[in-house]
Amino acid sequence: MKHRFALHFILVFLVITLLTGCDDGAIPTPTPIPGEPVAPQLMPLYQQISAVIPKGLGAAITPVAEENGQIYQVFEGGVIRYDVASQRTFLEPIGYQQISTPEPPSEPQGPTWQSIQGYWVPSIIANTYNQIGGETVAGKPLSNYNYNPQRQRYEIYFENLGMYILDGDPSTQVHLLPYGQWLTTMTSSKMDTSVDKAIIRNAAEAFDTVAKRLTPEYTGEMIMPLMIDPQKRILRVYENIIMVWNPEQNDVTWLNAPEALGIQRQPLAAQVDDERLIFASDPINPSLGHNIPILFWDFIRTHSGLEVSGTPIMELGEKPDTQENIWWQCFEHICMEYNRNTNEVQMTPVGKLYYERFLRQIPRRGTSPPLSTEIQIFQRSRQISPGDTQQVMVNVTTQGESPANISLKLNIHLPDGRVNVLWFPPTDANGQSSLTLPPIQGENNTPIRYEVCTADEMVCVSEQFVIWGNP
Numbered sequence: 019m020k021h022r023f024a025l026h027f028i029l030v031f032l033v034i035t036l037l038t039g040c041d042d043g044a045i046p047t048p049t050p051i052p053g054e055p056v057a058p059q060l061m062p063l064y065q066q067i068s069a070v071i072p073k074g075l076g077a078a079i080t081p082v083a084e085e086n087g088q089i090y091q092v093f094e095g096g097v098i099r100y101d102v103a104s105q106r107t108f109l110e111p112i113g114y115q116q117i118s119t120p121e122p123p124s125e126p127q128g129p130t131w132q133s134i135q136g137y138w139v140p141s142i143i144a145n146t147y148n149q150i151g152g153e154t155v156a157g158k159p160l161s162n163y164n165y166n167p168q169r170q171r172y173e174i175y176f177e178n179l180g181m182y183i184l185d186g187d188p189s190t191q192v193h194l195l196p197y198g199q200w201l202t203t204m205t206s207s208k209m210d211t212s213v214d215k216a217i218i219r220n221a222a223e224a225f226d227t228v229a230k231r232l233t234p235e236y237t238g239e240m241i242m243p244l245m246i247d248p249q250k251r252i253l254r255v256y257e258n259i260i261m262v263w264n265p266e267q268n269d270v271t272w273l274n275a276p277e278a279l280g281i282q283r284q285p286l287a288a289q290v291d292d293e294r295l296i297f298a299s300d301p302i303n304p305s306l307g308h309n310i311p312i313l314f315w316d317f318i319r320t321h322s323g324l325e326v327s328g329t330p331i332m333e334l335g336e337k338p339d340t341q342e343n344i345w346w347q348c349f350e351h352i353c354m355e356y357n358r359n360t361n362e363v364q365m366t367p368v369g370k371l372y373y374e375r376f377l378r379q380i381p382r383r384g385t386s387p388p389l390s391t392e393i394q395i396f397q398r399s400r401q402i403s404p405g406d407t408q409q410v411m412v413n414v415t416t417q418g419e420s421p422a423n424i425s426l427k428l429n430i431h432l433p434d435g436r437v438n439v440l441w442f443p444p445t446d447a448n449g450q451s452s453l454t455l456p457p458i459q460g461e462n463n464t465p466i467r468y469e470v471c472t473a474d475e476m477v478c479v480s481e482q483f484v485i486w487g488n489p
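Numbered according to this note's numbering, the sequence shown spans residues 19 to 489.
(1) Checking 8 Å against the spacing of the C-beta atoms, do H193 and I352 come in under that value?
(2) Measure the C-alpha to C-alpha separation of D247 and I296 and round it to an integer number of angstroms.
(3) Verify whether the separation of the beta carbon atoms of E177 and P111 is less than 8 Å.
(4) Would you give the residue range spanned by the alpha helix (DSSP H) that M61 belongs to?
(5) Among residues of its own chain, excluding the 5 on either side of S420, which ones have a beta-carbon nearer than 6 Å to its beta-carbon?
(6) At the level of alpha carbons, what is the spacing between I402 and C348?
(7) Quick one: what's got a C-beta closer than 7 Å to N264's C-beta in the same chain, skipping five residues either side?
(8) Where does S327 land, buried or exposed, given buried means 16+ other C-beta within 10 angstroms?
(9) From I183 to V92, what does the alpha carbon distance come to, in whole angstroms?
(10) Taking one C-beta from the segment 251-269 and one from the segment 299-311 each time, how about it: are there three or more such pairs within less than 8 Å?
(11) Let's see if you can read the secondary structure: which residues bound the alpha helix (DSSP H) around M141?
(12) Who are the near neighbours of A77 in its chain, counting only those whose CB is closer than 6 Å to its CB and skipping five residues on each side?
(13) Could you check which residue in P330, F314, S322 and E325 has the C-alpha nearest to that of S299?
(14) By how many angstroms is the C-alpha of Q149 removed from the C-alpha of A69?
(15) To the nearest angstrom, how far is the alpha carbon of N268 from that of L324?
(16) Where do the ends of the beta strand (DSSP E) carrying D226 lie?
(17) For Y372, which residues from the same chain have a beta carbon less than 8 Å from its beta carbon, with the 5 sequence-adjacent residues on both sides left out?
(18) Taking only the alpha-carbon atoms, compute the straight-line gap between Q127 and S141 and give it to the nearest angstrom.
(19) What are the boundary residues of the alpha helix (DSSP H) that includes T320?
(20) The alpha helix (DSSP H) with S327 in it runs from where to where?
(21) Could you tell me which of T472, P304, E293 and N145 sits nearest to A287, measuring between CA atoms?
(22) Just to confirm before moving on: does the CB-CB distance between Q341 and E355 stay below 8 Å?
(23) Inspect the beta-carbon positions of T464 and V437 and report whether they are closer than 8 Å.
(24) Would you report the Cα separation of S104 and T472, rounded to the nearest angstrom?
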């Protein structure tokens, strides 16, 4: 996601997509439908629905695929299948994956309400249902017409499609629930099956809405559409930023990934008189804050603003271990870099780094548990003098093997009660790594306890040493 410094991050993309078809003639062809090219066999049913409901099934979010003699494709609002032998086109009954058991039929709530197999709905829903093909297309009703306070809309679930009307919409326009998006999110996510499906659906929709506003050049590629971390937070992970869904507040916030990765906050600074910088003042102490390069600020302002990036946590400075070739600045939720050699600006992939360090080892739903991991600790000395450093070495084995590139963290309990988190360099080819602890002040015979843990804290080993040497 690089941007030419002199062009102020303006990108021009030219994408040419060439797809080859199948022997049965299911060759995807360019269509007005956004997203992936659509197989011609699926077009009549797609157009039938679109003629009744604006935007219809929405974008094609997966390429055309084949399975058991059927051609199928996932759209935002559902999945269309074409059976080659019978030449029949139909929608997949995704609704059963969203509603556990059908609700008992409802009662009419108004004089113009109509019944669909015993379930009472407003006339606009009933008319739409009949116009698109009734039970043949939408399927049987699976729920009553209910209000969703999280999404502020009225919804009803059918076997193949879901419909909703936004609360307060004077036009009472009928839209389709994103069955297809929910399906792809749930099948590709690390989600605990005990989590309420309604919470998962609301999170997926909220994440999608925000992502469309930010664009991929800000977020980077999606790594995980939906997952729950060890702290039970619902996340969507992108290369450059991580979204957090708050069911109680019904909103999307952002993970403080830079600080979690060990990037320290710097003290507030005074404003610098330089036309290449703008000043973001502290709301409590406006005379102090942080200076942001104009080029960083232009990019942030164009794509989001400080409400997404968060406020700066540091001044522009040299990125460690880059020999002054890369200068960067981190905010609460993102980091940005400038390459002095190429005059290029790019987002730091803090989302990817966070995922690799903290989240990768969380098992996917339905998969076997992770392999057993063992950590051995070796320390330079059982006693250290006040103000001296201590070196801790580790050896990691997984099922008898010594894996490389394993991230380990060390939680050290200091004499004043604080707990600092330090990170080992990734393990080498022998599964080994070492870390030098900063000097610690303390009285004689003060025990210093610490734990070495895997990034997901599924495996932890404790050890300690003693401060000794005061006169």
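C-beta atoms are modelled at their ideal positions from N, C-alpha and C, and glycine is treated no differently.
To lay it out plainly:
(1) As a working mapping, residue 193 is identified with position 175 in the sequence shown. As a working mapping, residue 352 is identified with position 334 in the sequence shown. In this structure, I352 does not lie closer than 8 Å to H193 by Cβ.
(2) To locate residue 247, count along the sequence shown from 1; it is residue 229. To locate residue 296, count along the sequence shown from 1; it is residue 278. Their Cα atoms are separated by approximately 36 Å.
(3) Position 159 of the sequence shown, counted from the start, is the residue given in the question as residue 177. Position 93 of the sequence shown, counted from the start, is the residue given in the question as residue 111. It is a contact, given that the beta carbons lie within the stated cut-off.
(4) Mapped onto the sequence shown, residue 61 falls at position 43. Counting along the chain, the alpha helix (DSSP H) containing M61 begins and ends at M61 to S68.
(5) As a first step, residue 420 is located in the sequence shown; it is residue number 402 there, counting from the start. Here the set comprises N448 and G449.
(6) Residue numbering aside, residue 402 sits at position 384 when the sequence shown is read from its first letter. Residue numbering aside, residue 348 sits at position 330 when the sequence shown is read from its first letter. C-alpha separation (whole angstroms): 35 Å.
(7) Within the sequence shown, residue 264 is the residue found at index 246, counting from 1. Counting only Cβ-Cβ distances below 7 Å, and skipping sequence neighbours, we find T271.
(8) Counted from its first residue, the sequence shown places residue 327 at position 309. Buried, since its Cβ has 16 or more Cβ neighbours within 10 Å.
(9) Taking the first residue of the sequence shown as position 1, residue 183 is located at position 165. Taking the first residue of the sequence shown as position 1, residue 92 is located at position 74. Cα to Cα, the separation comes out at about 23 Å.
(10) no
(11) Mapped onto the sequence shown, residue 141 falls at position 123. The residue asked about is misnamed: residue 141 is Ser in this sequence, not Met. Residues S141 to I150.
(12) As a first step, residue 77 is located in the sequence shown; it is residue number 59 there, counting from the start. Excluding sequence neighbours, A77 sits near P52, G53 and E94.
(13) On the sequence shown, position 281 is the one that residue 299 refers to. Among P330, F314, S322 and E325, the Cα nearest to that of S299 belongs to P330.
(14) As a position in the sequence shown, residue 69 is number 51, starting the count at 1. As a position in the sequence shown, residue 149 is number 131, starting the count at 1. Going by the C-alpha atoms only, they are around 9 Å apart.
(15) Position 250 of the sequence shown, counting from 1, holds the residue named residue 268. Position 306 of the sequence shown, counting from 1, holds the residue named residue 324. About 20 Å.
(16) As a working note, residue 226 is residue 208 in the sequence shown. Unbroken run through D226 is the alpha helix (DSSP H), K215 to L232; no beta strand (DSSP E).
(17) One-based indexing of the sequence shown puts residue 372 at position 354. Same-chain partners within the cutoff: V255, I260, L273, A275, A278 and L279.
(18) Locating residue 127 in the sequence shown gives position 109, where the first residue counts as 1. Locating residue 141 in the sequence shown gives position 123, where the first residue counts as 1. Spanning the two alpha carbons is a distance of roughly 11 Å.
(19) Position 302 of the sequence shown holds residue 320. It spans I312 to H321 - the alpha helix (DSSP H) in which T320 sits, taken as one unbroken run.
(20) Stepping through the sequence shown from its first residue, residue 327 is reached at position 309. Its alpha helix (DSSP H) spans residues L324 to S327.
(21) Numbered from its first residue, the sequence shown carries residue 287 at position 269. Ranking T472, P304, E293 and N145 by Cα distance to A287 puts P304 first.
(22) Locating residue 341 in the sequence shown gives position 323, where the first residue counts as 1. Locating residue 355 in the sequence shown gives position 337, where the first residue counts as 1. No, the pair does not count as a contact, with Cβ atoms beyond the cut-off.
(23) Mapped onto the sequence shown, residue 464 falls at position 446. Mapped onto the sequence shown, residue 437 falls at position 419. Contact flag unset, no.
(24) As a working mapping, residue 104 is identified with position 86 in the sequence shown. As a working mapping, residue 472 is identified with position 454 in the sequence shown. Whole-angstrom Cα-Cα distance: 54 Å.
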